[in-house]
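For the record, the sequence lines run as chains W and D.
First residue of the first sequence? That's 1 in the working numbering, and the numbers climb one at a time after it.
First residue of the second sequence? That's 114 in the working numbering, and the numbers climb one at a time after it.
Each residue gets a CB set at the ideal place from its N, CA and C atoms; glycine is no exception.
Bear in mind that the values here come from a model prediction, so they are computed numbers and not experimental data.
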Amino acid sequence: ETGVTQTPRHLVMGMTNKKSLKCEQHLGHNAMYWYKQSAKKPLELMFVYSLEERVENNSVPSRFSPECPNSSHLFLHLHTLQPEDSALYLCASSPGLAGVEQFFGPGTRLTVL
Amino acid sequence: QQPVQSPQAVILREGEDAVINCSSSKALYSVHWYRQKHGEAPVFLMILLKGGEQKGHEKISASFNEKKQQSSLYLTASQLSYSGTYFCGTETTTDSWGKLQFGAGTQVVVTP
Chain W
1 ETGVTQTPRH
11 LVMGMTNKKS
21 LKCEQHLGHN
31 AMYWYKQSAK
41 KPLELMFVYS
51 LEERVENNSV
61 PSRFSPECPN
71 SSHLFLHLHT
81 LQPEDSALYL
91 CASSPGLAGV
101 EQFFGPGTRL
111 TVL
Chain D
114 QQPVQSPQAV
124 ILREGEDAVI
134 NCSSSKALYS
144 VHWYRQKHGE
154 APVFLMILLK
164 GGEQKGHEKI
174 SASFNEKKQQ
184 SSLYLTASQL
194 SYSGTYFCGT
204 ETTTDSWGKL
214 QFGAGTQVVV
224 TP
């Protein structure tokens, strides 16, 4: 595997379910990100991790819970989501934080019923 | 605060040129440009840093006007492969680094 991978690619869940999204980067980067991309809206930064420490929580509801066990893996734990949380969730990584390219994964298309 | 992109959409014929603008109300440290094709991940095009030079990627180039807090992306002699949605992302000097704010995107359609 190369680059940034995300699993699953598609997920359908009910509002009472608990699920997790997984992101893995094979680039040796030390910063990882979660973004939300909704239809007709700008990419929205959710969380930023640098050296496994969360450095940004962009006013995201607590029903989204990130976890970064090491610099290569990032999870987004989901519970009691709402239909408006349906979106494409993108993971990205970068070699640092400031002024550097972010490499995006293919995303997980989430549908909340 | 998110940057403002214009235009929202542009339709080009192969070989034509286009300019996409990205404006911020805050002082900028950097401007990132990405292109996203339908159903795919955003792909990095280039970064412009404060005090840096104009960048280029094949026939796509960009400029950064620090005084106007604005960046422009130039699509020159467009090719069919240029179709997609172009996003600018900005890092501001008043916020922490790494926290990109993205514009709403400019949809580019290049026709034969």
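Asked: Residue of D:Ser-184, D:Ala-154, D:Ser-136 minimising C-alpha distance to W:Ser-93; Found: D:Ala-154
Asked: DSSP beta-bridge partners of W:Arg-151; Found: In this structure chain W extends from 1 to 113, so residue 151 of chain W is not present and cannot be described.
Asked: Collapsed DSSP secondary structure at W:Pro-83 in the structure displayed; Found: helix
Asked: D:Pro-120 versus W:Val-100: straight-line alpha-carbon distance, rounded; Found: 26 Å
Asked: Cβ-Cβ distance between D:Val-144 and D:Thr-219 below 8 Å; Found: no
Asked: Check: W:Gly-105 C-beta below 7 Å from any heavy atom of the ligand ATP; Found: Among the components of this structure there are no ligands whatsoever, and the ligand ATP is therefore not found.
Asked: Neighbour flag for D:Gln-115 against chain W, beta carbons, 8 Å; Found: yes
Asked: Contact between the segment 77-88 of chain W and the segment 19-35 of chain W (3+ Cβ pairs under 8 Å); Found: yes
Asked: Nearest-angstrom Cα separation, counted from W:Glu-44 out to W:Lys-36; Found: 5 Å
Asked: Cβ distance (whole Å) where W:Tyr-33 is taken to contact W:Val-48 below 8 Å; Found: 5 Å
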